[in-house]
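Here is the structure we will look at.
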Amino acid sequence: MKKIKTIMLKEWAQVFKNKLVLFSVIFLPLIITAIPLGTFYAIGRDPALGSMNDEPFTSEFASFCPEDVNSAECFQVYMVSQFMILFMILPVAIPSSISSYSVVGEKKEHSLEPLLATPITTLELIAGKSLAALIPAVLATYLAYLVFIIGTRILIPGDLFIQAILAPHWILAVIVLGPLLALMAVNFSIMVSSRVNEPRVAEQISMIIIIPLIGILFAQIAGLFMIDTNLVFAFTIIVAVIDTILVAFSIKVFQRETILTRWK
Amino acid sequence: MIITENLSRKFDDFVAVENLNIHVKQGEVFGFLGPNGAGKTTTVRMLTSLIHPSNGWAKVNGYLVGEKDDQIRRSVGLLTETPGMYDNLSAIYNLMIYANLYEINEPKSQVEKYLRLLGLWERRFDLVGMFSKGMRQKLAIARALLHEPRILFLDEPTAGLDPEAAHLVRNFISELKEEGRTIFVCTHNLEEADRLCDRIAVFKTRLLVMDSPAKLRSQLYGRKIVFHLTSIDPTWVSKIGAFPFVSETHSVENKIIVTLEDPEEHNPQIVNLLVQEGAMIQFVGELRHSLEDVYLQMVRNA
Numbered sequence: 001m002k003k004i005k006t007i008m009l010k011e012w013a014q015v016f017k018n019k020l021v022l023f024s025v026i027f028l029p030l031i032i033t034a035i036p037l038g039t040f041y042a043i044g045r046d047p048a049l050g051s052m053n054d055e056p057f058t059s060e061f062a063s064f065c066p067e068d069v070n071s072a073e074c075f076q077v078y079m080v081s082q083f084m085i086l087f088m089i090l091p092v093a094i095p096s097s098i099s100s101y102s103v104v105g106e107k108k109e110h111s112l113e114p115l116l117a118t119p120i121t122t123l124e125l126i127a128g129k130s131l132a133a134l135i136p137a138v139l140a141t142y143l144a145y146l147v148f149i150i151g152t153r154i155l156i157p158g159d160l161f162i163q164a165i166l167a168p169h170w171i172l173a174v175i176v177l178g179p180l181l182a183l184m185a186v187n188f189s190i191m192v193s194s195r196v197n198e199p200r201v202a203e204q205i206s207m208i209i210i211i212p213l214i215g216i217l218f219a220q221i222a223g224l225f226m227i228d229t230n231l232v233f234a235f236t237i238i239v240a241v242i243d244t245i246l247v248a249f250s251i252k253v254f255q256r257e258t259i260l261t262r263w264k
Numbered sequence: 265m266i267i268t269e270n271l272s273r274k275f276d277d278f279v280a281v282e283n284l285n286i287h288v289k290q291g292e293v294f295g296f297l298g299p300n301g302a303g304k305t306t307t308v309r310m311l312t313s314l315i316h317p318s319n320g321w322a323k324v325n326g327y328l329v330g331e332k333d334d335q336i337r338r339s340v341g342l343l344t345e346t347p348g349m350y351d352n353l354s355a356i357y358n359l360m361i362y363a364n365l366y367e368i369n370e371p372k373s374q375v376e377k378y379l380r381l382l383g384l385w386e387r388r389f390d391l392v393g394m395f396s397k398g399m400r401q402k403l404a405i406a407r408a409l410l411h412e413p414r415i416l417f418l419d420e421p422t423a424g425l426d427p428e429a430a431h432l433v434r435n436f437i438s439e440l441k442e443e444g445r446t447i448f449v450c451t452h453n454l455e456e457a458d459r460l461c462d463r464i465a466v467f468k469t470r471l472l473v474m475d476s477p478a479k480l481r482s483q484l485y486g487r488k489i490v491f492h493l494t495s496i497d498p499t500w501v502s503k504i505g506a507f508p509f510v511s512e513t514h515s516v517e518n519k520i521i522v523t524l525e526d527p528e529e530h531n532p533q534i535v536n537l538l539v540q541e542g543a544m545i546q547f548v549g550e551l552r553h554s555l556e557d558v559y560l561q562m563v564r565n566a
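Same order as they appear, the protein sequences are chains B and X.
Using the working numbering, the first residue of the first sequence is number 1, and each one after it goes up by one.
Using the working numbering, the first residue of the second sequence is number 265, and each one after it goes up by one.
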């Protein structure tokens, strides 16, 4: 554990001096929290919304809104569902920018050879680097979610929004699925980082993993499905399985000899 | 301390190291010389368990490469060709990382010991990126020594250093030798190898020659003794040449140059002859071939 902690602290000492990484860890959660809060606030003050009150629910809305709410309120709850997916993108985007620097950065500084000459195992090395990317991503997501809850409470009257944000499936999504998605992103970007020469290239390729989440967001907007507890639970299981495979695979593809002898 | 037998390494069809057989003794400074691309770094990587041999075997500190890699890594120190320090971290932080990875009992005091020993203590909180090349190299040497390895692998320890920094590093290597450590030095600097190494191996994919620098010179060129005289009689050259132990003799101005296998034994007989012939001897010296001559001859013939 001491070696894992050493690598993790070393990574933090290094990557947080990089302004791009710092930007992604601090400003990305801020933006992702501010956009929905601002949107909800603006929608709440829009007089046009009042005219929706007497309109019947559309079939999509009816599936997830309580019966005693009007169309305007239901529309707002619907908006919550769209924006909450951003809190799933957050744990994927943040670690990509950290972990994509981890192996390529070592390569650029020629520091991997002396590091591999120590009695550190591949598992310890990857665990240290993974945790260095995973922990800030998860903490930033949790913090952003907390700020979002508090901001909503302060800015938007009524309990409907808070109930929607604190719905069991969103709590499960942020608390459990979020870290699993972050782990998936970390392992993917470490694998990419082991194969390319430039941190920016590694970061760009690693961001591919966001595409399925964007797909889910658009599918929901298009009304193909609505995210509910069953769906979040199913995603959690699927991502957990993918994570297990990816962890094993990232250790397998981290070939010390190949990295030392083929990297130029 | 280091034994290899038919140690070989191939990368696809490219043979980097072929049938290397060496035996480096404890406390010895062993020079590993060869041109660029000769396979020196590949050999060091095999001996430090960073990569494994394709064929043959190597034992380092009694541990077999490929089987006891963890023990090998704990018992050897490696100075890589490029220092590979973390530029945006301080000198002390850089060393603390490695002290923790080597699981040193008292990491802080060990880090302080080597920072002081290498004259970097006052700059310990400075970012390594601000350091000169010589200071980085010294820091990398400190890193290689933190866990007190009995065997040190130094890949081009003075490459790119100014003469003063190179001198400091060489002196430090000499001090390490006095502590009884075994030192395996890869270098292009032949003067450095001549000065530091007990034995050298000239290597180009395979071992070309291995012995002490003095013996290599002697084996290849014999030893040339120069007799400086006030004046010279041409008959003296032929009389010296008549000795059975003299392999070659000639004169240049007032000097007679004689090639001998064992000057310590045969010089007195030549001096005696010259005195009997009435020669006035100013002094007698040895004409040394540089290690560079030996190296170039071996590498060109390879």
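C-beta: ideal position from N, C-alpha, C; glycine also.
Since this is a predicted model, take the numbers as computed values, not measurements.
Chain X within 7 Å of residue i, Cβ atoms only
i: Leu260/B; result: yes
i: Pro119/B; result: yes
i: Thr229/B; result: no
i: Ser111/B; result: yes
i: Thr122/B; result: no
i: Pro136/B; result: no
i: Leu160/B; result: no
i: Thr300/B; result: Residue 300/B is absent from the structure shown; chain B starts at 1 and stops at 264.
i: Pro114/B; result: yes
i: Glu198/B; result: no
Contact belief for residue i with residue j at Cβ below 8 Å, rounded distance in angstroms
i: Phe296/X; j: Cys450/X; result: 5 Å
i: Leu139/B; j: Met184/B; result: Rounded, the Cβ-Cβ distance is 17 Å, inconsistent with contact.
i: Gln14/B; j: Gly105/B; result: 7 Å
i: Ala93/B; j: Ser189/B; result: With a Cβ gap of about 11 Å, Ala93/B and Ser189/B do not count as contacting.
i: Val548/X; j: Val539/X; result: So it is not a contact: roughly 12 Å between Cβ atoms.
i: Ser354/X; j: Leu409/X; result: No, Ser354/X and Leu409/X are not in contact; Cβ-Cβ is about 19 Å, not under 8 Å.
i: Val522/X; j: Ile496/X; result: That belief does not hold up - the Cβ atoms of Val522/X and Ile496/X are roughly 13 Å apart, past 8 Å.
i: Met88/B; j: Leu213/B; result: 6 Å
i: Arg463/X; j: Ser476/X; result: 5 Å
i: Leu381/X; j: Pro114/B; result: Going by Cβ atoms, the distance from Leu381/X to Pro114/B rounds to 19 Å, so no, they are not a contact pair.
Within-7 Å CB hit, residue i to chain B
i: Asn352/X; result: yes
i: Arg414/X; result: no
i: Ile315/X; result: yes
i: Leu460/X; result: no
i: Arg338/X; result: yes
i: Asn361/X; result: Reading off the sequence shown, one finds Ile at residue 361/X, where the question assumed Asn. Chain B contact via Cβ: present.
i: Asp419/X; result: no
i: Tyr327/X; result: no
i: Leu364/X; result: As written in the sequence, residue 364/X is Asn, which differs from the Leu given in the question. Judged by the 7 Å Cβ criterion, Asn364/X is in contact with chain B.
i: Gly393/X; result: no
i: Thr305/X; result: no
i: Ile344/X; result: At residue 344/X the sequence reads Thr, which differs from the Ile that was named. Answer yes: the Cβ-Cβ gap between Thr344/X and chain B drops below 7 Å somewhere.
i: Thr312/X; result: yes
6 Å Cβ shell around residue i - same chain, five flanking residues per side excluded
i: Pro179/B; result: Val138
i: Ser130/B; result: Val186
i: Ser99/B; result: Ala133, Val186, Ser189, Ile190
i: Gly398/X; result: Leu425, Ala429
i: Val176/B; result: Thr236
Sequence-distant residues of the same chain with beta carbon closer than 7 Å to residue i, five excluded per side
i: Pro371/X; result: Met360, Ala363, Asn364
i: Ala234/B; result: none
i: Ala127/B; result: Ile4
Residues near residue i in its chain [Cβ-Cβ closer than 8 Å; skip 5 each side]
i: Ala42/B; result: none
i: Ile437/X; result: Val293, Leu418, Pro421, Ile447, Val449, Leu460
i: Asp243/B; result: Leu180, Leu183, Met184, Asn187
i: Asp351/X; result: Leu391, Val392, Gly393
i: Ala506/X; result: none
i: Ala322/X; result: Ile266, Ile267, Thr268, Glu269, Leu271, Met310, Leu311, Leu328, Val329
i: Leu20/B; result: Ser97
**Request:** Would you list, in sequence order, the uninterrupted alpha helix (DSSP H) runs of no fewer than 4 residues that lie entirely inside the segment 442-466 of chain X?
**Result:** 454-460
**Asked** Can you list, in chain order, the stretches of the alpha helix (DSSP H) that have 4 or more residues and sit fully within the segment 141-175 of chain B?
**Response** 160-165, 168-172
**Request:** Report yes or no: do three or more beta-carbon pairs, one from the segment 397-405 of chain X and one from the segment 342-360 of chain X, lie closer than 8 Å?
**Result:** yes
**Item:** Whole runs of the beta strand (DSSP E) within the segment 482-557 of chain X, excluding any shorter than 3 residues
**Value:** 487-493, 510-516, 519-524, 545-551
**Message:** Would the segment 207-219 of chain B count as touching the segment 268-277 of chain X if we require 3 or more Cβ pairs under 8 Å?
**Reply:** no
**Prompt:** Which ranges would you report for the alpha helix (DSSP H) in the segment 311-399 of chain X if only whole runs of at least 4 residues count?
**Reply:** 333-339, 355-365, 371-381
**Request:** Spell out a yes or no on whether the segment 463-482 of chain X and the segment 301-310 of chain X are touching, meaning 3 or more CB-CB pairs, one atom from each, closer than 8 Å.
**Result:** yes
**Request:** Pair every Cβ in the segment 220-233 of chain B with every Cβ in the segment 279-286 of chain X, then say whether three or more of these pairs are closer than 8 Å.
**Result:** no
**Prompt:** If we count Cβ pairs, one from each stretch, closer than 8 Å, do we get three or more for the segment 124-144 of chain B versus the segment 21-37 of chain B?
**Reply:** yes
**Inter-stretch contact (C-beta, 8 Å, three-pair minimum) for the segment 148-167 of chain B and the segment 32-41 of chain B** = yes
**Asked** Which runs of the alpha helix (DSSP H), 4 residues or longer, sit entirely within the segment 206-242 of chain B?
**Response** 211-221
**Request:** Would you check if there are 3 or more beta carbon pairs closer than 8 Å linking the segment 3-20 of chain B to the segment 118-132 of chain B?
**Result:** yes
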